[in-house]
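The sequence shown runs 199 to 693 under my numbering. Read the structure below first, then the notes.
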Amino acid sequence: MALTLFNTLGRELQPFKPLNAGKVGFYGCGPTVYNYAHIGNLRAYVLHDVLVRTLRRRGLGVTHVMNITDVGHLAGDNDEGDDKMVRSAEERGKSVLEVADFYTRAFFKDIGRMNISMPTVVCKATEHIPEMIALITRIEEGGFTYVAGGNLYFDITKFPAYGELARLRLEDLKAGARTGVDENKRNPHDFVLWFTKSKFENQVLVWDSPWGRGYPGWHIECSAMSIKYLGETIDIHAGGMDHVPIHHTNEIAQSEAATGKHPWVHYWIHNEFLVLDKGKMSKSAGGFLTLQSLVDAGYDPLDYRYFLLGGHYRSQLQFSYQSLDGARNARKSLLDRIKALADKAGGLPDFEGSDAPGGTASLPVSLIEGKAGDYRNAFDKALDDDLATPRALAELWGLLRDSSVPAAAALSVAFEMDRILGLNLAEEVERQRAPGEGNNGANRDLIDEIEALIAERAAAKKVKDFAQADGIRHTLKERGIILEDGPRGTSWRQG
Ligand code: AMP
Ligand code: ZN
């Protein structure tokens, strides 16, 4: 069976065929860095990670691009409300860039702790203003825009395919409610490409443009950066369900209006929401849970990863501490079972870290046949079936519980499965079996801290913030930790 994915465009399961043999261009909408990521946001990034790891296991080279939104995102995705970054900076008495910098680092710390692989390219909106201006110019030249009240708008009536992704009907859109809508808009669903008339007197991040000094609308960054790093058509674009009717709908309109290419994105993948008992979790409404709040309550970030894998990405997942306890216990039993198998097999088999490598490398598949091979094939089949992680987890459990599978074979296949699940099974068991060994004698808290700093440094390097990256290396050196960069990432030792 080939990998099939549920494509929001068409609302059906479709076999995945890359545009270029052996390669996949994937764009996943990244965070708006005005606050910490909440645990719902992390659901989206775990899905992106599982998708990338699955594609790589199928031998495909994946270029994964993630944006960092540090300008232009207003409280309402449809240009209404305050600028999220400006509001957050005001509340905290910091500059917008300080806020962006702080929460970008916090985000990558969470990504590292959740064992989410780093994207191939991480790109900040504020560093791609020329690309956005160039793209808006192409859209304008095609006759899709108008200027009103000092802002440049996209005119959705000029783009007949508008709303296809979300199955919006143009007639309904024209008649759409106007309450609270920017009065410059000819149609309530038109959207801003470039603001020159800032709603906020203290808008500090502004740039010169053909339309005057100002700043970009939110949606244009994803079109501009995806075209820059992945070309004018791409294989897969992902984000949360909330992005279907506005953000992704507008991204499509902009990109296709500029390039004339249809479809711009071949597969649209959307995750359902993580919900609390009380309903939706949102950053702007406050009262949300962060990964750190789970850590402070005594959970390991990988307990939360396990919890997320237990739900299919297209179903709503209800968060409760009771369910998280269930995930924690299950992960502990998993590690205990592996320890028992390792004792039986006389040790752990050689393994390479379960992190999917960056760039275009594919993951090797072992030659193990027989019963263990059957579990591995069933595991792969589950992922081929629209990334059915709950079934994949069940196959892992089946394998580990099946006493007719030789211990060594069970362990090899379990670690192979973990290259997709990303639960760091081998590393965790090794750590528990020989505390101090293999970790340079450091304790778990210190190791976590060092690993988080290494993840932060990798993130800083991705966004070419070499001063920050060198600063982290220096800070660790002062504490006697030496970093060594190699082809498989950064390792460390006590020097
Ligand atoms: P933001 O940082 O608000 O731009 O959102 C980052 C990503 O998280 C987007 O793909 C959102 O669609 C997604 N998202 C937001 N809230 C949730 C939630 N409660 N559950 C799952 N995904 C979410
Ligand atoms: Zn986006």
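Backbone N, C-alpha and C define an ideal beta-carbon position, used for all residues, glycine too. Small disclaimer: the values here were computed from a predicted structure and weren't measured.
When the five nearest sequence neighbours on each side are left out, the beta carbons in the same chain lying within less than 8 Å of the beta carbon of P499 are those of D308, R311, M312, N313, L489, L492, V493, in order along the chain. Under DSSP, M423 forms no beta bridge with any residue.
For G438, the closest alpha carbon among the candidates D388, E454, V473 is that of V473. Closest option to G508, judged by alpha-carbon separation, among A570, P588, Y573: P588.
Beta-bridge analysis with DSSP links T343 to F352. Within the same chain, A605 come within 8 Å of K542 by CB-CB distance, once the 5 residues on both sides are set aside. Distance from the CA of Y497 to the CA of R526, rounded to the nearest whole angstrom, comes to 7 Å. Sequence-distant partners of V627 (beyond 5 residues in either direction) whose C-beta falls short of 6 Å from its own C-beta, in its chain, are L533, I536, K537. Annotation: E625 to F613 spans about 10 Å, alpha carbon to alpha carbon. Residue range 587 to 599 is occupied by the alpha helix (DSSP H) that includes E593. Look at V320 here: in three-state DSSP terms it is strand. Put simply, the backbone Cα of A656 is about 15 Å away from that of F300. Look at D268: its beta carbon is at least 7 Å from all of the heavy atoms in the ligand AMP. By the Cβ test, the region 343 to 357 is in contact with the region 387 to 395, since at least three Cβ pairs between them sit closer than 8 Å.
Comparing alpha carbon positions, the residue from V284, N218, P547 closest to N233 is V284. Within a 10 Å sphere around the beta-carbon of P213 sit fewer than 16 other beta-carbons, which makes this residue exposed. Within 10 angstroms of the beta-carbon of E419 lie 16 or more other beta-carbons, which makes it buried.
Note on geometry: alpha-carbon atoms of D572 and T202 lie some 20 Å from one another.
In the three-state scheme derived from DSSP, where H, G and I count as helix and E and B as strand, L211 is classed as strand. K221: member of the beta strand (DSSP E) spanning 221 to 226, first to last residue. Closer than 7 Å to some heavy atom of the ligand ZN: that describes the Cβ of E449.
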